[in-house]
Every structure is written in C-alpha cells, then in structure tokens.
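Asks: This is the structure I want to talk about, given as structure tokens.
2 protein chains.
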Amino acid sequence: MKEQQRRPTLMDVAHAAGVSRALVSIVMRGAPGAAESTRQKVLDAARELGYRPDTRARLLRSSRTKLIGLSFSSSQPFHAEIVDAAYAQANSRGYEIALSAVANGRTETRAIESLLDLGAEALIMISPTLGGDEMDRYSDQVPVVSLLRNNVGRLVDSVSSDDHAGIRLGVDHLVGLGHSKIVHVGGGTAVSAQERREAFRSEMQRHGLEATVIQGGPGEEDGLRAARFLRDNLPTAVVAFNDRSALGLIEGFRAYGLRVPADVSVLGYDDSQMARLSYVQLSSVSQDAPLLAAAAVDRAVDRIEGTASPAHVVRTPHLVIRKTTAPPAA
Amino acid sequence: MKEQQRRPTLMDVAHAAGVSRALVSIVMRGAPGAAESTRQKVLDAARELGYRPDTRARLLRSSRTKLIGLSFSSSQPFHAEIVDAAYAQANSRGYEIALSAVANGRTETRAIESLLDLGAEALIMISPTLGGDEMDRYSDQVPVVSLLRNNVGRLVDSVSSDDHAGIRLGVDHLVGLGHSKIVHVGGGTAVSAQERREAFRSEMQRHGLEATVIQGGPGEEDGLRAARFLRDNLPTAVVAFNDRSALGLIEGFRAYGLRVPADVSVLGYDDSQMARLSYVQLSSVSQDAPLLAAAAVDRAVDRIEGTASPAHVVRTPHLVIRKTTAPPAA
DNA sequence: TAGACGGACTAGAACGATCTAGGACCAAGG
DNA sequence: CCTTGGTCCTAGATCGTTCTAGTCCGTCTA
Chain A
11 MKEQQRRPTL
21 MDVAHAAGVS
31 RALVSIVMRG
41 APGAAESTRQ
51 KVLDAARELG
61 YRPDTRARLL
71 RSSRTKLIGL
81 SFSSSQPFHA
91 EIVDAAYAQA
101 NSRGYEIALS
111 AVANGRTETR
121 AIESLLDLGA
131 EALIMISPTL
141 GGDEMDRYSD
151 QVPVVSLLRN
161 NVGRLVDSVS
171 SDDHAGIRLG
181 VDHLVGLGHS
191 KIVHVGGGTA
201 VSAQERREAF
211 RSEMQRHGLE
221 ATVIQGGPGE
231 EDGLRAARFL
241 RDNLPTAVVA
251 FNDRSALGLI
261 EGFRAYGLRV
271 PADVSVLGYD
281 DSQMARLSYV
291 QLSSVSQDAP
301 LLAAAAVDRA
311 VDRIEGTASP
321 AHVVRTPHLV
331 IRKTTAPPAA
Chain B
11 MKEQQRRPTL
21 MDVAHAAGVS
31 RALVSIVMRG
41 APGAAESTRQ
51 KVLDAARELG
61 YRPDTRARLL
71 RSSRTKLIGL
81 SFSSSQPFHA
91 EIVDAAYAQA
101 NSRGYEIALS
111 AVANGRTETR
121 AIESLLDLGA
131 EALIMISPTL
141 GGDEMDRYSD
151 QVPVVSLLRN
161 NVGRLVDSVS
171 SDDHAGIRLG
181 VDHLVGLGHS
191 KIVHVGGGTA
201 VSAQERREAF
211 RSEMQRHGLE
221 ATVIQGGPGE
231 EDGLRAARFL
241 RDNLPTAVVA
251 FNDRSALGLI
261 EGFRAYGLRV
271 PADVSVLGYD
281 DSQMARLSYV
291 QLSSVSQDAP
301 LLAAAAVDRA
311 VDRIEGTASP
321 AHVVRTPHLV
331 IRKTTAPPAA
C-alpha cells in the first residue's frame, strides 16, 4: 500500500516559497498586493507541490465558490446538449459548473440541496417541475434561473424559448410548401405542451385553416400510437410535439407503407441530435441549446455579481429544414 | 431586496438550549454521550431555530466529504443510465455523487480536476481515455475506478463487462436459432471494439463457422454504411458492435426493402434505452448499467473506507431477446 | 474510606482558507 | 530630520464545525 499523502495546503506552499500563508492566498486568487517576482515564485511553488485550493475552507471563510449549480434530467438527450454549452459559457465567465441529475429515485429537491451543499452560488434548473412557492424559497438563498419554463415563482429568472414563434415558423413553412391539411400531435402533460397546442390552433386559424389536434405525449411510443390513429384519415403534414414523437410517427407511417415526406411530411421540435443523424434527417424547430444555455449562465452570473433583479429572457427559435418535409403530392 | 438573514449556527442552538457547542454537536450527529433529557432539549431548540448543520464546515473539520466524483460523457446515452444507477447505489452507502461531464471543449483532465476541487474522495471514470500513467498519477491522490475499460494503470480499480462472454451469448443465440452465415460489423477504434471482434472470430470458429468481420464504427451512420455493403451478399444474421450501429443497420436494410428479422436478424450490444423502445424492440446484449454502476460505487467506497487494494471486477453480460432476431428463412 | 471508574458535559484547539489591521521599507515633500 | 504615502508583506482573528483532553460528580469495589 502506498502512503496516502496529505493534500498540500496554503501553509505548505507558503513554507516552500518562503512567504506567509496570507501572501500565498493573495497570489492564488489573483488579488492585488503582491510583487510580480514573488507572485511567480509562489505560483512555481504551488505548481511544484500540486496545490489546489480547498473549496470548502474557502467557502466557509469567504462565501465565494465561483460555482453555478445545474440540475438536469439524465434521461433527456436535449438536456445533455445544454449541459455541454453551459460548461463552455461558465468557463468563459470564470465560473465552474456543478452538475446534479434528477433521476429515477432522486427528486428535484434532492438534486438542488446537494448543489447548495457543494456551495453553488446560483442555480440553473432545466425544465423545473417544482411549484412557484418552492422555487421562491430557494431564491431567498441564491439566485435561481429556470430554463425552458417561464411561469415560475416571482423571484426566479427564466430563460425560455418562444414556443408560439416556433410553432408559427413550422406552420408557415408547411403552408408555404402548399399543405393545408395539417395535424398537430400534442405533448400531453409535458412542459410546454399546452403552449404549443394553443399556438398551433391560433396559427392555423390565422391561415384560415382547420386546426386538428390529436393526443400524444413526449415519447416515441406516443408518436407511434398517433400514426396508427392517423392512418385512416391521413393529413398531408404533421407537426409533432417534439423530435422523439416525430420519430415514432415516421416509424409508424413507414410500417404502414407510407413514405415520408412523399405521402406525409413530418416536422419535429427540438432539433435534437437524433434529428441530425444522417439516416433520420428530420426537419425540426430548433431551440438552439447553446444559445439558451449561454443566456442562462449569463443571467446567473449577472445575478451573482450585480444586483440585477429577476428578468425573463425569451429566445426565438428557428427552423431547420431537412428531409422529412416537402410539398404535398399533387 | 430582501434582507438575507444569517443562518443559525451551533453556537445559537447551544445558547438557546443553555449548553455548550460541543454538546449540541454531539446531539446533532447522534453520537453517544448525551443524557436523553438534554438531548430532547437540544433537539427542540434546534427545531425552534430552524437549524441546519453547515456541510462545508462539518466536512472541513472532519476531512470527509462523503463525495464520489463521477466523470461521464454527455453525448453517450448509455452513460446517462449509469449515472442514474450510481446515484442510487452511492445513496444507499451513505455517499453523494459529484458529476462532471466530458464535453465538447472540456477534456477528461479538466473534468477530473474539477471533481478533485470539490473534494471527491474517489473517482469513477466511465470509459476513460487517459493513459495509464496519468491515471496512476491521480491514483496517488484518491482511489480511481475505471468503468467499462480494464487495461488502465496499475493502481486503478476497474469494473468492466466481459466482452468475450457477451459475444459468445450472442453467437450462441443466433446459431441456436439456426443461423450459420453470420457477420460482425465492428466498432472501428472505439473502446472494446477490438475485444468484440476477436471474440466473434473465436466463437464462430468454435462453432466451426466462417467468421466474416466488416468495418464499421460506433454510430448509426456506420451501421447504415454496413447495410449498403452487405446488401449484395446478405448474411442471415448480423452482430453489431453496439445498439446505435444496429439501428443504422436495420434502417439501411429496410430502405432496401429487406425485413428484419424475416430476411435478416440483427443483434445489438448495450441494451440501451433506444433498444427497448416499443417501435425498435432490438435484441441486444445487456451490460446491465445498474449492476456495473453499483459495482463501481462499491469498489470506490471499499477503497475509501477499507485499505482494499486495487481489484478488477468483471461482470458477465446477459442476452435480452426482443424482436429483431428470429430463425432464418427456410 | 480511598481509589477507580464511567457517564455527562465543556473549553479550546484544530480544519484550510480569507480578511483585517498593521509593520517594514523606501521615496518624496516639508 | 520628521512626516506622509505608497507598496509589499505578515500575524492573528475568524468562518462553523468536530475532536481531544479534560473536569465534575456520583457509584462501585476492595
């Protein structure tokens, strides 16, 4: 067994560099008040010893961790894309991201508490399901940013995508291609599902078309079921609640010998990685995960550093046209 | 702006209950050495004040964080399943999981360092790509467990799945169904790809069959390309490197009007969530994410708590037969 | 009855950082 | 020659806990 060597502390570095702890502290956090020559000497000693500051001790004394907590759901691929982008943005603003997953037996509350225990100075929650009151209670402790959901507590920031605009883009695209018999397969009780249903109805009405909405859900199975239902009375185009549902729809249609997009166009929502796969090539409304993530991190940092009060950022999605939408058969 | 009120400390509780800090500490962590009557008095005072122990301070003093660092890749759905299970297992052994993703511009090194900064007492790395020397260097500081890869540094634990056994199960299954013309679509340079190729060759040989291995890769596109290649000289069954490749194969075969499994059987590997979807129903070799995750967490905890030396756990995968494998056409 | 023992409790030193107050030194100004 | 003001640096207090080494006091044992 190798001796588990103690992690070096400020004291060790100070000793090695021949200065006081306080000075090492000054150098390590880049504060003014150290001569350039000693600064180098200290940095060298620190590197030499492999010193890394102890987050807990630092937090205990200063209440700064430069840590932003991010809660996400491990089963949502779209969340993974946001996580990616959030890391990059946090990095460029000098913060670190602490991750906590909402998983099977692990509630959102649990995820958040663990982030707070780690000393997160702000919380970003992707599609939070907590009630407004609870969110507000956490907001008393640290700034909270809700991502992809905007009608949460009064004290919470939100960064969301304009669902109405997204659906409008989709409907305009399909109508522009010449479609008039368009159906929306809803998302059931999922977050944003209601907004998208209503947007679809209103946009179809604007075009003077009849809006048919059928039940669905957020998964592939839901799309598959919807395809079975639609077979008897086939529209020329379908706007799905999300990409997973769209994939189910396509799969279902194909099983009945229908071709996409020749017989029926299918439009997804999310522009997830699946949609981009070469054998899928799904046309989809993109919420642009990197932009959303960046905006959320920016809000968090602004709230931490300034005294900015809660704000609500809404981003407009855009359309990505691939190969599952085309003009209807003549 | 609301007044940020100071959080009550041990001192406050001690004062309210008329005892010393130390005694409150004893009561709060349920340690022996306090009379039942005072214990109640202290608990009442704590509840009254809404006292919650400060994790940072507590851990600073006891130099325990009860934190296990887990690095994963945000773009791998299979990793997400492991994350899920790891949370549960860590929880049941009294530890927390700190997550860190390897993402686009974020290297594995970076991910690990941030985990160490948070004070992780052990590291679990899923499919690590670092060299053995580097892994060993981290092992000097904390126990390191490599998950899904076993030929890493001398000082690291590993928990992996027996690839040879997995392929054997698959080949036995197909041969048992009556197949003899079986092809393996490889995983290129991906982790485990070589092991599976070799296992396939040796297992086919054991059955006295000719082993055909064609190039592939870990993605859907690779499967799609392989399908194109196989069309002219169709085998009766294909063993794919993983589920994603299998899905690409199926998609490709269908595009050519071939039915799965009537015309050709396809077997995946990983038993990912995709495989389980109702419209996919892919037969697959399951590495059983929950079991692997649990074993990795167990190794980590054992190393932290005991003085157990590095060990290598190998789990035997099992077969999940769904609807993409069937006897060959007569 | 003295000494040992053990249960209930406490004072004060850690833990590893930051912060405050101030010292040493040097150059410029009166 | 003494002050003033700036830069560079340090000692010591501090954050909220836990740990160590006691003290105190009643009871058991020889």
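Chains A and B, in that order, are what the protein sequence lines are.
For the first sequence, my numbering assigns the number 11 to the initial residue and increments by one for each residue that follows.
For the second sequence, my numbering assigns the number 11 to the initial residue and increments by one for each residue that follows.
Using N, Cα and C, we set each Cβ at its ideal position, and we do this for glycine too.
Could you tell me if A45 (chain B) is buried or exposed, where buried requires 16 or more neighbouring beta carbons within 10 angstroms of its beta carbon?
Replies: The residue in question, A45 (chain B), is exposed, as its Cβ has fewer than 16 Cβ neighbours within 10 Å.
Asks: Of the residues that make up the segment 76-95 of chain A, which ones have a beta carbon closer than 7 Å to any beta carbon in chain B?
Replies: Residues S84, S85, P87, A90, V93 and D94.
Asks: So is A98 (chain B) in contact with chain A if we call contact Cβ pairs under 8 Å?
Replies: Closer than 8 Å: yes.
Asks: Distance, Cα to Cα, A236 (chain B) vs Q283 (chain A)?
Replies: Roughly 21 Å between the two C-alpha positions.
Asks: How many whole angstroms separate the CB atoms of Q297 (chain B) and P327 (chain B), which I take to be in contact at a CB cut-off of 8 Å?
Replies: Contact holds; Cβ gap of about 5 Å.
Asks: Provide the residue span of the alpha helix (DSSP H) that contains H89 (chain B), from first to last.
Replies: Note, H89 (chain B): alpha helix (DSSP H), P87 to S102.
Asks: Leaving out five residues before and five after A203 (chain B) in sequence, what residues of the same chain have Cβ atoms less than 7 Å from its Cβ?
Replies: Correct list, in chain order: G196, G197 and F251.
Asks: Return no unless some Cβ of chain A is closer than 8 Å to the Cβ of N114 (chain B).
Replies: At least one chain A Cβ lies under 8 Å of N114 (chain B).
Asks: Could you check whether the segment 259-266 of chain B touches the segment 215-225 of chain B, counting it as contact only if at least three pairs of C-beta atoms, one from each stretch, sit closer than 8 Å?
Replies: With the cut-off at 8 Å, the segment 259-266 of chain B and the segment 215-225 of chain B do not touch.
Asks: Which residue or residues does DSSP assign as beta-bridge partners of R325 (chain A)?
Replies: Looking at the DSSP assignment, R325 (chain A) forms a beta bridge with A:S171.
Asks: Could you tell me if Q99 (chain B) is buried or exposed, where buried requires 16 or more neighbouring beta carbons within 10 angstroms of its beta carbon?
Replies: Buried, since its Cβ has 16 or more Cβ neighbours within 10 Å.
Asks: Count the CB pairs spanning the segment 81-93 of chain B and the segment 44-58 of chain B that are closer than 8 Å, and state whether there are at least three.
Replies: Flag = no, the segment 81-93 of chain B and the segment 44-58 of chain B do not touch.
Asks: Starting from the C-beta of D308 (chain B), find all residues in its chain whose C-beta is less than 8 Å away, skip the five residues before and the five after it, and write them out in chain order.
Replies: Counting only Cβ-Cβ distances below 8 Å, and skipping sequence neighbours, we find Q99 and R103.
Asks: Check whether chain A comes within 8 Å of L244 (chain B), counting only Cβ atoms and requiring the distance to be less than that.
Replies: L244 (chain B) does not count as touching chain A.
Asks: Can you pull out the residues from the segment 49-70 of chain B whose beta carbon lies closer than 7 Å to at least one beta carbon of chain A?
Replies: Within the segment 49-70 of chain B, the residues whose Cβ lies closer than 7 Å to some Cβ of chain A are T65, R66, A67, L69 and L70, listed in chain order.
Asks: Rounding to the nearest angstrom, what Cα-Cα distance links P341 (chain B) and L234 (chain A) in this structure?
Replies: Limits of chain B in this structure are 11 at one end and 340 at the other, which puts residue 341 (chain B) out of reach.
Asks: Given a cut-off of 8 Å, decide if Y289 (chain B) and E230 (chain A) are closer than it, judged by their beta-carbon atoms.
Replies: Going by C-beta atoms, E230 (chain A) is nearer than 8 Å to Y289 (chain B).
Asks: Answer with yes or no whether the minimum CB distance from I158 (chain B) to chain A is below 8 Å.
Replies: Note on identity: in this sequence residue 158 (chain B) is Leu, with Ile being the wrong assignment. Answer no: the Cβ-Cβ gap between L158 (chain B) and chain A never drops below 8 Å.
Asks: Does the segment 116-131 of chain B come close enough to the segment 68-76 of chain B that 3 or more CB-CB pairs lie under 8 Å?
Replies: Segments in contact, yes.
Asks: Please list, in chain order, the residues of the segment 286-306 of chain B that have any C-beta partner in chain A closer than 9 Å.
Replies: Of all residues in the segment 286-306 of chain B, L287, S288, Y289 and V290 have a Cβ within less than 9 Å of some Cβ in chain A.
Asks: Could you name the residues of chain A that A111 (chain B) contacts, counting a contact when the two beta carbons are closer than 9 Å?
Replies: Near A111 (chain B) (Cβ distances below 9 Å), the residues of chain A are A90, V93, D94, Y97, I107 and L109.
Asks: For L165 (chain A), name the three-state secondary structure that DSSP assigns.
Replies: The answer is coil: DSSP assigns L165 (chain A) none of H, G, I, E or B.
Asks: According to DSSP, M21 (chain A) sits in a beta bridge with which residue or residues?
Replies: Looking at the DSSP assignment, M21 (chain A) forms no beta bridge with any residue, so it has no partner.
Asks: Which residues does DSSP pair with S296 (chain A) in a beta bridge?
Replies: Note: S296 (chain A) sits in a beta bridge opposite A:D280 and A:H328.
Asks: Rank A:V324, A:A67 and A:G180 by C-alpha distance to the C-alpha of D172 (chain A) and give the top, closest one.
Replies: When each option's Cα is compared against that of D172 (chain A), the closest is A:V324.
Asks: Excluding the 5 residues preceding and the 5 following G163 (chain A) in the sequence, name in chain order all residues of the same chain whose CB lies nearer than 6 Å to its CB.
Replies: Closer than 6 Å at Cβ, skipping near neighbours: G142, M145 and D146.
Asks: For V193 (chain B), which of B:L277, B:D127 and B:Y148 has the nearest alpha-carbon?
Replies: Out of B:L277, B:D127 and B:Y148, B:L277 has the C-alpha closest to the C-alpha of V193 (chain B).
Asks: Between the C-alpha atoms of A96 (chain A) and Y105 (chain A), what's the straight-line distance to the nearest angstrom?
Replies: Their backbone Cα atoms lie some 10 Å apart in a straight line.
Asks: Quick one: which chain B residues come within Cβ less than 8 Å of L234 (chain A)?
Replies: Correct list: S288 and Y289.
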